[in-house]
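>
Chains as they are written, first to last, in my numbering: chain A, 6 to 304; chain B, 6 to 304.
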């Protein structure tokens with residue numbers, strides 16, 4: 006966080022605390038044989054991560070004066086999807102990672118079966134939350150959120166991108182294919198976080214072009230920064246194993262463009278992202294700060 | 006199917022064909038690196054199973070004259086959830102099964118990573134389908150379906166029941182605990198199939214008592230029959246490995262009650278289920294036939 010602006014630092018701190026509070030309330034450990042499942046879900050969900058997606062929901066919905074509790078619940082639902090995908094991606098059959106967010110991964114702290122189920126339950130919990138009338142009084146808003154998030158999670162979004170990522174170990178991909186892979190694997194849920202803010206703000210679809218352009222560019226810049234971190238980052242600061250893409254022979258933005266051109270590309274994308282916000286005044290400064298931060302982060 | 010009534014046999018055949026048709030349309034294999042993911046989803050979803058849950062959606066919604074395409078899409082969404090749970094349950098870290106519905110399980114026909122992702126994508130697809138306006142014109146109906154199905158899939162439903170089932174290998178459970186486990190693990194999604202039919206039929210909550218009682222009793226009878234099949238069934242007819250509960254030391258209705266009392270209990274539940282339908286005339290005969298069939302099935 007050292008390079009984040011003061012308002013962004015404050016927002017990150019507040020939102021991280023809010024998301025933890027939401028998960029803590031949603032996941033009380035039951036006094037029955039499901040206790041381990043809930044403990045695993047809490048281990049995965051509470052206390053960690055940049056909470057980038059909740060931050061984007063918050064920063065976008067704030068443009069339209071949306072109720073804070075409502076934003077928090079939708080942001081938590083999207084974080085459920087993100088966290089479940091991390092739990093499953095870390096499994097031995099997938100990326101086989103032992104550390105995540107500076108803690109043992111769920112299948113290490115518990116076991117594989119519990120990790121699979123904890124991921125599955127976080128996945129379902131996202132939609133329970135979104136469909137709940139306490140999240141938003143208007144069923145049309147709730148169902149639009151479900152549609153947006155289910156699309157982003159499914160085979161045309163994150164799930165499909167993850168499959169392409171597995172294939173990337175076996176074949177070489179060119180830049181357009183890597184771009185498409187990343188647009189699906191991480192871009193879809195990032196875009197959906199901004200879209201969720203717009204849905205909560207009841208922004209009509211024809212008014213969303215700028216925000217969608219912003220989200221697409223931030224998502225890609227974020228992924229390039231992630232590839233750069235994988236090559237240049239400090240494992241302890243990042244909280245997970247690095248330099249795995251290179252040893253797996255995966256094509257990334259950095260392997261295809263080189264460090265310097267990748268960094269330049271990310272810079273251009275961040276500028277573009279900010280340009281997309283031209284219709285907004287300083288109420289969009291948090292979104293601008295988030296875009297800049299994608300380049301500066303050290304974890 | 007040999008013991009099913011003729012109308013039930015016809016309904017089962019029609020619905021099986023309809024669900025296959027829906028999955029075939031939903032899952033065209035893309036000409037990109039996600040092809041294997043879609044093939045795995047198709048392998049899991051198409052051509053197999055009793056389609057009990059779709060049958061319950063259909064038989065319930067039919068009471069209220071709901072449009073057939075609408076029923077088929079909701080039934081397919083619920084079957085997505087059921088199929089994803091089978092794919093994940095079959096994984097080596099879970100029940101470690103090689104055969105399902107007479108075919109190799111997904112992780113055997115493909116690999117573990119693909120099986121995890123195919124399950125995850127079927128899970129998301131269920132909610133994509135439910136939220137889609139082509140499924141039902143009224144957003145309130147769609148969001149009520151999402152809520153019902155997400156609850157049934159999550160930690161208070163199927164996911165929680167599956168966790169209890171894993172614990173059942175390590176400790177002994179008494180009859181109330183096994184009943185609760187099964188009410189969550191298989192009962193929740195069966196109940197939700199009937200509930201979805203009632204939601205589509207716009208039956209007010211206060212009018213659902215009879216159908217809910219029916220669904221609860223059928224779900225439990227179905228599970229007792231499943232436990233009996235596990236002890237007495239023919240592996241080839243059932244299409245999967247049997248007698249695993251006993252060798253894993255799991256308590257089941259049959260281990261706790263014995264074969265005779267378990268069968269008697271299932272019979273009583275089926276009678277009760279049918280009694281719950283007393284307010285309906287012969288338009289509910291298909292639901293009655295389904296209840297009777299839970300006892301008679303050989304797979």
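Built from N, CA and C at the ideal position, the CB exists for glycine as well.
Suppose the cutoff is 6 Å on Cβ atoms and the five residues either side in sequence are ignored; what does the same chain contact list for residue 56 of chain A look like?
If we look at residue 56 of chain A and ignore the five residues flanking it on each side, its Cβ neighbours are 20, 21 and 24.
> So, does the CB of residue 48 of chain A fall closer than 7 Å to a CB anywhere in chain B?
Output row for residue 48 of chain A: interface = no.
> Determine the extent of the alpha helix (DSSP H) in which residue 59 of chain A is found, giving its start and end residues.
57-66
> So what does residue 105 of chain B bridge to, in DSSP terms?
B:108
> Taking C-beta pairs closer than 7 Å, name the residues in chain B that residue 117 of chain A reaches, listed in chain order.
98
> Strictly under 7 Å for the Cβ-Cβ distance: is residue 85 of chain A near chain B by that measure?
Residue 85 of chain A is outside the set of residues whose beta carbon lies under 7 Å from a beta carbon in chain B.
> Report the residue from A:291, A:80, A:299 and A:255 whose alpha carbon sits nearest the alpha carbon of residue 229 of chain A.
Of the listed residues, the one whose Cα sits closest to residue 229 of chain A is A:299.
> Using 8 Å as the threshold, is the stretch 81-89 of chain A in touch with the stretch 23-37 of chain A, meaning 3 or more CB pairs across them?
The answer is yes - the stretch 23-37 of chain A touches the stretch 81-89 of chain A, with three or more Cβ pairs under 8 Å.
> Below 8 Å on the Cβ atoms is my contact criterion, and I expect residue 39 of chain B with residue 169 of chain A to pass it. Report the Cβ-Cβ distance as a whole number of Å.
6 Å
> Hey, how far is the Cα of residue 231 of chain B from the Cα of residue 248 of chain B?
11 Å
> Grab the span of the alpha helix (DSSP H) containing residue 170 of chain A for me, first residue to last.
163-173
> In whole angstroms, what is the alpha-carbon distance linking residue 140 of chain A and residue 147 of chain A?
8 Å
> So, for residue 183 of chain A: in the same chain, excluding its five sequence neighbours on each side, which residues have a beta-carbon less than 7 Å away from its beta-carbon?
The answer, listed in chain order, is 256, 257, 258 and 261.
> Suppose the cutoff is 7 Å on Cβ atoms and the five residues either side in sequence are ignored; what does the same chain contact list for residue 51 of chain B look like?
Within the same chain, residue 51 of chain B has close Cβ partners 25, 28 and 29.
> Inspect the beta-carbon positions of residue 145 of chain A and residue 144 of chain B and report whether they are closer than 7 Å.
Yes, Cβ-Cβ distance for residue 145 of chain A and residue 144 of chain B is below 7 Å.
> I'd like to check one pair, residue 198 of chain A with residue 62 of chain A: are the Cβ atoms closer than 7 Å?
yes
> Are the Cβ atoms of residue 58 of chain B and residue 245 of chain B separated by less than 7 Å?
With respect to residue 245 of chain B, residue 58 of chain B sits apart: the two C-beta atoms are not nearer than 7 Å.
> Please confirm whether residue 164 of chain A and residue 126 of chain B have their CB atoms less than 7 Å apart.
For residue 164 of chain A and residue 126 of chain B, yes; Cβs fall inside 7 Å.
> Check whether the stretch 211-222 of chain A and the stretch 274-284 of chain A are in contact - that is, three or more C-beta pairs closer than 8 Å.
Cβ pair count under 8 Å is three or more, so yes.
> Determine the DSSP secondary structure at residue 198 of chain B, reduced to helix, strand or coil.
Three-state result, residue 198 of chain B: helix.
> Following the continuous alpha helix (DSSP H) through residue 90 of chain B, name the residue where it begins and the one where it ends.
In this chain, the alpha helix (DSSP H) harbouring residue 90 of chain B covers 73-94.
> Residues in its own chain within less than 6 Å of residue 283 of chain B by CB, not counting five upstream and five downstream?
Short of 6 Å from the beta carbon of residue 283 of chain B, and not among the five residues preceding or following it, lies no beta carbon of its own chain.
> How many angstroms separate the CA atom of residue 124 of chain B from the CA atom of residue 210 of chain A?
31 Å
> Residue 208 of chain B by DSSP, collapsed to three states: which one?
coil
> Here's the rule: buried if 16 or more other CB atoms are within 10 angstroms of the residue's CB, otherwise exposed. What is residue 60 of chain B?
buried
> Can you tell me whether residue 207 of chain A is buried or exposed, with buried defined as 16 or more other CB within 10 angstroms of its CB?
exposed
> Using 8 Å for Cβ pairs, my map puts residue 157 of chain A next to residue 129 of chain A. What's the rounded Cβ distance?
That pair is no contact at about 16 Å.
> Closest Cβ-Cβ distance between residue 164 of chain B and chain A: below 7 Å?
yes
> Kindly list, in the order they appear in chain B, the residues whose Cβ is closer than 8 Å to that of residue 43 of chain A.
Neighbours of residue 43 of chain A on chain B, chain order: 160.
> Which value, in whole angstroms, describes the spacing of the CA atoms of residue 149 of chain B and residue 186 of chain A?
33 Å
> Assuming the contact rule is C-beta atoms closer than 8 Å, residue 122 of chain A and residue 167 of chain B should be a hit. Round their C-beta distance to whole Å, please.
6 Å
> Along the stretch 100-129 of chain A, what residues have a CB closer than 7 Å to any CB found in chain B?
117, 118, 121, 122, 125, 126, 128 and 129
> Here's a check: name, in chain order, each residue in its chain whose Cβ is nearer than 7 Å to the Cβ of residue 66 of chain B, leaving out the five neighbours to either side.
76, 202, 205 and 206
> Determine the closest residue to residue 53 of chain B out of B:242, B:100, B:43 and B:217, with distance taken between C-alpha atoms.
Of the candidates B:242, B:100, B:43 and B:217, B:242 places its Cα closest to the Cα of residue 53 of chain B.
> Pick from B:115, B:69, B:304 and B:94: whose alpha carbon is nearest that of residue 190 of chain B?
Of the candidates B:115, B:69, B:304 and B:94, the one whose C-alpha sits nearest the C-alpha of residue 190 of chain B is B:94.
> To the nearest angstrom, how far is the alpha carbon of residue 155 of chain B from that of residue 240 of chain B?
Rounded to the nearest angstrom, the two C-alpha atoms are 32 Å apart.
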